[in-house]
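K.L.:
First the structure, which I've put down as structure tokens, then a few questions once you've had a look.
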Amino acid sequence: MRGTKRICAALAAMLACHALPCAAADGEQNLAELFYRYANDNVIASYLDENTILASGQLEYKLYDGFLALTQTDLDWDGAEELLAIRLKPQSSESGEKQNTLVAEIYRRHENSLQRIAQYTLAEGILDQTNADVDVFALNGDSGQIICCEANDTERLLSDGVDWSLVAVGFDGSAFYEVTSVSLNGTFFEEEYMNAVYNAANMLGLEPYDPVWTPLADQLEGLNMLCFIDRYPLDFDGASNFLYDSGGEERFQYGETYFVGSANQSWENKLPKAFAYLPEEYNASTANNASNGADGQSAANGTDGQAAVANGSTDGQSAMNGAVGQDAAANNGNGASDAAAQQATGGSSVQQSADNTFQFDGDYVIPDSD
1139 MRGTKRICAA LAAMLACHAL PCAAADGEQN LAELFYRYAN DNVIASYLDE
1189 NTILASGQLE YKLYDGFLAL TQTDLDWDGA EELLAIRLKP QSSESGEKQN
1239 TLVAEIYRRH ENSLQRIAQY TLAEGILDQT NADVDVFALN GDSGQIICCE
1289 ANDTERLLSD GVDWSLVAVG FDGSAFYEVT SVSLNGTFFE EEYMNAVYNA
1339 ANMLGLEPYD PVWTPLADQL EGLNMLCFID RYPLDFDGAS NFLYDSGGEE
1389 RFQYGETYFV GSANQSWENK LPKAFAYLPE EYNASTANNA SNGADGQSAA
1439 NGTDGQAAVA NGSTDGQSAM NGAVGQDAAA NNGNGASDAA AQQATGGSSV
1489 QQSADNTFQF DGDYVIPDSD
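Per our numbering, the very first residue in the sequence shown carries number 1139; after that it's consecutive.
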């Protein structure tokens, strides 16, 4: 793991303790704290996952699902703070296969709800090769903060080549807008392609000495790291020998993937469900959620004095539908009175409405997790 990023994560931990208080200056709870407390989704502070290759000569591909960064900040410098969330989740490709996708989301509080008002895909099809560096960081632009994502997937064991991209977006108060975007794929890049990379970095006020091949976070100081993913080999020679002769073994651990939510360092991991899936496990979980209601359960009990909270799912993610004062009949997905969710009947799962709302009254929340 790279020392620069470990230092950034340590600094973020100290800053997070100050930047993410349980209550804001005006007495209202911090939006990141509300999200962390009530959302029935994974939130990652740090997570280490094993990576293996198969005797067939393929990488054992995994899907990941969780929030890597939650931070309350004034993105467009209008004086009002929003909740910025960086989420890694499985999303369907054009061919219909699930692939790891990194998404930026903006939530804003309205009365008793957190409502998602914008989202933008920062990188897709990532973590499908043996080495990877994915960094999300914030910069100051002319009229607000710029959210940047550099993603590098490199194949160094099974073949050769790199998939690299740099995407930067701003927020205008209602939607994300693209500041710059450039991507490369291959093993060698001619001058015109590298010039496009330098130009994109320069647009952000960055002057890297070795773009593409060395992560920006390892070249430049002062980047406000939000989260990063680092996939690296542990035993390259052993993996090479395994591919030459597996000795009857089905798989070999060649490396690890390290997930760090730099903005989440004051918290522990929140893992109400699996974060890492094999595709078949994820598909089975999705099917199970659709038939049973949520995470393999028909219902879950409410908290803080609530009588019941009925659970459902959308795209394999959990969603909660609850109302204070309802009796245990809500556990069956019936009798739920909240207008933000549809009633579950006939064995189908609870479906969230299209308003992308987390609702809470201090004791409960209804998350949209699509």
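Heads up, the beta-carbon is just placed ideally off N, CA and C, and yes, glycines get one too.
Remember, it's a predicted structure, so these values are computed and weren't measured experimentally.
Taking its Cβ as the centre, do 16 or more other Cβ atoms sit within 10 Å of S1423, making it buried, or is it exposed?
P.N.:
Buried: at least 16 other Cβ atoms inside 10 Å.
K.L.:
With A1401 and L1364 assumed to form a contact (beta carbons below 8 angstroms), what rounded beta-carbon distance in angstroms separates them?
P.N.:
Right, the Cβ-Cβ distance comes to about 5 angstroms (below 8 angstroms), so this counts as a contact.
K.L.:
From the DSSP output, which residues share a beta bridge with R1246?
P.N.:
In the DSSP output, where bridge partners are listed per residue, R1246 has Q1253.
K.L.:
What are the partner residues of P1228, as DSSP defines its beta bridges?
P.N.:
DSSP output for P1228 lists N1238 as bridge partner(s).
K.L.:
If contacts are defined as beta-carbon pairs under 8 angstroms, then G1393 and N1189 qualify, I think. What distance do you get, rounded to the angstrom?
P.N.:
Yes, they are in contact, since the Cβ atoms of G1393 and N1189 sit about 5 angstroms apart, within 8 angstroms.
K.L.:
To the nearest angstrom, how far is it from the Cα of Q1403 to the Cα of T1209?
P.N.:
Roughly 11 angstroms separates the two Cα atoms.
K.L.:
CB-CB under 7 angstroms to F1275, same chain, minus the five flanking residues each way: which ones, in chain order?
P.N.:
Around F1275: C1286, A1355, L1361, N1362, M1363, L1364.
K.L.:
Leaving out the 5 sequence neighbours to the left and right, which residues in its chain are closer than 6 angstroms to A1207 when beta-carbon positions are compared?
P.N.:
Only I1224, L1364, C1365, G1399, A1401 meet the Cβ criterion.
K.L.:
Nearest to D1310 by CA position, among Y1336, D1179, G1217, is which residue?
P.N.:
The residue with the shortest Cα to Cα distance from D1310 is G1217.
K.L.:
Measure the alpha-carbon distance for A1193 versus E1406 and round it to whole angstroms.
P.N.:
Distance between the alpha carbons of A1193 and E1406: 36 angstroms.
K.L.:
Quick check on this structure: which residue in N1426, F1413, E1419, Y1420 has the alpha carbon closest to the alpha carbon of L1186?
P.N.:
Nearest C-alpha to L1186: F1413.
K.L.:
Would you kindly work out how many angstroms separate the C-alpha atoms of W1351 and V1317, rounded to a whole number?
P.N.:
The alpha-carbon atoms of W1351 and V1317 are separated by roughly 22 angstroms.
K.L.:
Residues in its own chain within less than 6 angstroms of A1289 by CB, not counting five upstream and five downstream?
P.N.:
The residues are A1261, I1264, V1272, S1303.
K.L.:
Quick check on the burial criterion: 16 or more other C-beta atoms within 10 angstroms. Buried or exposed for A1177?
P.N.:
Flag for A1177 reads buried.
K.L.:
State the start and end residues of the unbroken alpha helix (DSSP H) segment that holds L1354.
P.N.:
That run of the alpha helix (DSSP H) goes 1354-1357.
K.L.:
Just verifying my parser: in three-state terms, what is the DSSP assignment at S1378?
P.N.:
S1378: helix per DSSP, three-state reduction.
K.L.:
What residue from I1244, S1230, L1252 has the CA that sits closest to N1238's CA?
P.N.:
For the residues I1244, S1230, L1252, the minimum Cα distance to N1238 belongs to S1230.
K.L.:
Report the residue from D1266, V1307, F1397 whose alpha carbon sits nearest the alpha carbon of E1243.
P.N.:
Of D1266, V1307, F1397, the residue nearest in Cα terms is V1307.
K.L.:
On a Cα-Cα basis, can you pick out the residue from N1426, V1300, G1376, Q1391 that is closest to Y1199?
P.N.:
Selected option, being the one with the closest Cα: Q1391.
K.L.:
Shortest alpha-carbon distance to D1280 belongs to which of D1214, A1334, T1259, R1369?
P.N.:
Checking every option, the nearest Cα to that of D1280 belongs to D1214.
K.L.:
Using three-state DSSP, classify F1413 as helix, strand or coil.
P.N.:
The answer is coil: DSSP assigns F1413 none of H, G, I, E or B.
K.L.:
When we look at the beta-carbon of I1367 and count the other beta-carbons within 10 Å, is it buried (16 or more) or exposed?
P.N.:
Burial call: buried.
K.L.:
Is it right to say F1314 is buried, meaning 16 or more other beta carbons lie within 10 angstroms of its own, or is it exposed?
P.N.:
Buried, because 16 or more other Cβ atoms sit within 10 Å of the Cβ of F1314.
K.L.:
Which same chain residues end up closer than 7 angstroms to S1321 when comparing Cβ atoms and leaving out the 5 residues on each side of it in sequence?
P.N.:
Only W1302, S1303 meet the Cβ criterion.
K.L.:
Given 6 angstroms as the limit, tell me if V1274 has its C-beta closer than that to any heavy atom belonging to the ligand MN.
P.N.:
As for the ligand MN, it is missing from this structure, which has no ligand bound.
K.L.:
I believe P1346 touches L1358 by the beta-carbon criterion, under 8 angstroms. Please report the beta-carbon distance rounded to the nearest angstrom.
P.N.:
About 7 angstroms separates the two Cβ atoms, so the contact holds.
K.L.:
Per DSSP, what kind of secondary structure is E1288 in: helix, strand or coil?
P.N.:
The answer is strand: DSSP assigns E1288 an E or B state.
K.L.:
For A1425, count neighbouring C-beta atoms within 10 Å of its own C-beta (all shown protein chains included) and say buried if the count is 16 or more, exposed if not.
P.N.:
Classification of A1425: exposed, given that the 10 Å Cβ count is below 16.
K.L.:
Checking 7 angstroms against the spacing of the C-beta atoms, do N1269 and R1246 come in under that value?
P.N.:
No; because the gap between Cβ atoms is not below 7 angstroms, this pair is not in contact.
K.L.:
Return the CA-CA distance between G1376 and Y1382, expressed in angstroms with no decimal places.
P.N.:
In a straight line, the C-alpha of G1376 is about 10 angstroms away from that of Y1382.
K.L.:
Would you call T1325 buried or exposed, if buried means 16 or more other Cβ atoms sit within 10 Å of its Cβ?
P.N.:
Per the 10 Å Cβ criterion, exposed.
K.L.:
Here's the rule: buried if 16 or more other CB atoms are within 10 angstroms of the residue's CB, otherwise exposed. What is L1372?
P.N.:
Its Cβ having fewer than 16 others within 10 Å, L1372 is exposed.
K.L.:
Using C-beta distances below 7 angstroms, list every residue in its chain close to P1353, excluding the 5 sequence neighbours before and after it, in chain order.
P.N.:
If we look at P1353 and ignore the five residues flanking it on each side, its Cβ neighbours are D1271, D1273, E1288, N1290.
K.L.:
Assign Q1283 to buried or exposed, taking buried as 16 or more other Cβ atoms, counted over all protein chains shown, within 10 Å of its Cβ.
P.N.:
When all chains shown are included, Q1283 counts as buried.
K.L.:
Decide if G1386 is buried, meaning its Cβ has at least 16 other Cβ atoms within 10 Å, or exposed.
P.N.:
So G1386 counts as exposed.
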